[in-house]
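Engineer:
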Amino acid sequence: MIDLSFTKEQEEFREKVKEFALKEVEPRRKEWDRQGKSALPINGRLAEWGLLKSDMDNITRGILTEEIAYVDFNSAMPLVWATMPFVLHELPGVPEHIKKQIQEGILSGKSFLALCFGEPGAGTDMAGFKTSAKKEGEEWVINGTKNTISWVNADYYFVCAKTGKSEDGIWALTDFLVPASLPGVGKPEIWKDLGSMGAVRGKVDFTNVRVPLDYMVGEMGKGYLLAAEFFDTNRAFIGLKCIGAAQASVDEASVYARKREVMGKPIAGYQAISFPLAEAQTLLEAARLLCYKTLWMADKGARHTTEGAMCKWWIPEITLEIVRKCLLIHGQYGYTKDLPFEQRLRDILGWQIGDGTAEASKLLIARSMMGKDYVG
Ligand SMILES: Cc1cc2nc3c(=O)[nH]c(=O)nc-3n(C[C@H](O)[C@H](O)[C@H](O)COP(=O)(O)OP(=O)(O)OC[C@H]3O[C@@H](n4cnc5c(N)ncnc54)[C@H](O)[C@@H]3O)c2cc1C
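Heads up: the sequence shown begins at -9 in the numbering used here, then just goes up one per residue.
(1) Indicate the three-state DSSP secondary structure (helix, strand or coil) for I53 in the structure shown.
(2) How would the residue list near ligand 1 read, in chain order, if you kept each one whose beta-carbon is closer than 5 Å to any heavy atom?
(3) So who's on the other strand from W130, going by DSSP bridges?
(4) When you compare only the Cα positions, how much space is there between E14 and T153?
(5) What residue range does the beta strand (DSSP E) around D165 cover?
(6) So within the stretch 73 to 128, which uninterrupted beta strand (DSSP E) runs reach at least 3 residues, ignoring any that extend past its ends?
(7) Answer with buried or exposed for R225, where buried requires no fewer than 16 other C-beta atoms within 10 angstroms of its C-beta.
(8) To which residues of the same chain is A11 closer than 8 Å at the C-beta, ignoring the five residues directly before and after it?
(9) State the Cα-Cα distance for the pair K136 and A247, rounded to the nearest angstrom.
(10) Going by the CB atoms, is the gap between E126 and R370 shorter than 9 Å?
(11) Which one of V175, W161, M360 has the shortest CA to CA distance from L167?
(12) Based on the DSSP secondary-structure assignment, which residues constitute the bridge partners of D195?
(13) Among all the DSSP beta bridges, which residues are the ones paired with P256?
(14) Could you tell me the boundaries of the beta strand (DSSP E) in which K152 lies?
(15) Short check: CB of A348 to CB of P306, under 9 Å?
(16) For my contact list, G113 and F196 are in at a C-beta cut-off of 8 Å; report their separation, rounded to the angstrom.
(17) With three or more C-beta pairs closer than 8 Å as the rule, is the stretch 227 to 238 touching the stretch 326 to 343?
(18) Nearest-angstrom Cα distance between L354 and D115?
(19) Per DSSP, what are the beta-bridge partners of E179 in this structure?
(20) Give a yes or no on whether the C-beta atoms belonging to L81 and V194 are separated by under 9 Å.
(21) Where do the N-terminal and C-terminal ends of the alpha helix (DSSP H) with F(-4) fall, by residue?
(22) Just the Cα atoms here: how many angstroms apart are P178 and F148?
(23) Leaving out the 5 sequence neighbours to the left and right, which residues in its chain are closer than 7 Å to I53 when beta-carbon positions are compared?
(24) What runs of the alpha helix (DSSP H), each 4 residues or longer, lie entirely inside the stretch 309 to 356?
(25) Ends of the alpha helix (DSSP H) at I32?
(26) Using only the alpha-carbon positions, how far apart do S290 and T50 sit?
(27) With a cut-off of 8 Å on the beta carbons, I'd call V77 and Y205 a contact; round off their distance for me.
(28) Tell me the rounded alpha-carbon separation between V240 and K315.
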């Protein structure tokens, strides 16, 4: 039997997150965006509110993402990541006392772990990564550049590096924990992005960075698998982040359409205004179902690569268009920086790229339909 309702606890959690978002996130939204300030300190506030827990299920994390993004797109992702949703945060293989120290720091909002996959010469094509890790005695020596890292000023880096031969492709990759304080970790260079400013994206160099052997995360040559598992679930969170921002836009446009009078009546009375809003609400409902289904599969331990990829290519695309229409419904006011539409457009656009482009996502879906031998 299908039960599409949220539990009482989940509904209560949603209400608390809404309150948190209005009191703690909304007053800081413009500062993060305009001044490119990291939204990370907000994790400490979530911890103080008792809402930062590592044992919540993925559906509940989805609620957190959606409701925070309704108020501010930028802070939704660090807040949900701080609940440590991924196996990456479990740091399999790393000594218990190090793991504990890192995990406690993340859960109290005091530190953060940034994920370092992308490189100057390769993003989609992970087999093309050049960053290397070589064993020397009792240490791994890491060299390379990771150049598109969200929250690049984090305390710890999760670095995907090549430990095998180039001909082994993605099976040559292994993951490592690298504390940012180690010698050889360069000062992060922050990029001037179009949006997602609170994500403070940038580049970091690793030059002869030495980590103990047991800072290798998971198994040798399985670095890609850990990353892929992370992407599958994170793509549903990205979808919900976009949905939050688009739903806020639709709600604001619906209020404005009842207030704004043109040629003697509220614009809500014109079907050219009300129908796009009705279509947007329908699309958002369908998109929401896809995201929560994906997270439900993650919670059940079912493979959700295809569903995650569907969230990733489709939802940033439809929500970008929904926000654009809502901006236009506000006429000239919608085009000002006083209203949040322009920020939402810039922010969503970045997530048409981050964590896998639409093309990369469609490849995954097509392969699940027709097989890897046919779909290149
Ligand atoms: C806001 C944002 C946040 C990010 N955060 C992080 C982060 O925290 N950590 C991290 O490691 N990275 C991060 N990234 C990097 C991101 O994951 C990569 O940019 C992305 O995977 C694409 O890689 P690329 O930019 O190198 O593009 P490329 O791989 O060079 O692709 C260029 C173009 O070719 C297309 N393309 C590639 N392969 C194919 C194919 N086989 N068929 C058809 N088209 C194809 C792509 O879709 C794209 O349009 C972030 C990026 C953004 C924008």
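Every residue, glycine too, gets a C-beta built ideally from N, C-alpha and C.
Structural biologist: Inspection of the coordinates gives the following:
(1) helix
(2) L105, F107, G108, G113, T114, T138, I139, S140, S186, G340, I343, G344, T347, E349
(3) K125, V201
(4) 43 Å
(5) 163 to 169
(6) 103 to 106, 122 to 126
(7) buried
(8) E57, I58, Y60, V61, D62
(9) 46 Å
(10) Lying before the first or after the last residue shown, residue 370 is absent from the chain, which here runs from -9 to 366.
(11) V175
(12) T135
(13) E251
(14) 146 to 152
(15) yes
(16) Actually they are not in contact, since the Cβ atoms of G113 and F196 sit about 18 Å apart, beyond 8 Å.
(17) yes
(18) 13 Å
(19) K193
(20) no
(21) That residue, F(-4), is in no alpha helix (DSSP H); it is neither H nor E in DSSP.
(22) 15 Å
(23) Q0, F3, R4, V7
(24) 321 to 324, 331 to 340
(25) 32 to 38
(26) The displayed chain sequence assigns Lys, not Ser, to residue 290. If you take the alpha carbons of K290 and T50, they lie about 14 Å apart.
(27) With a Cβ gap of about 16 Å, V77 and Y205 do not count as contacting.
(28) 9 Å
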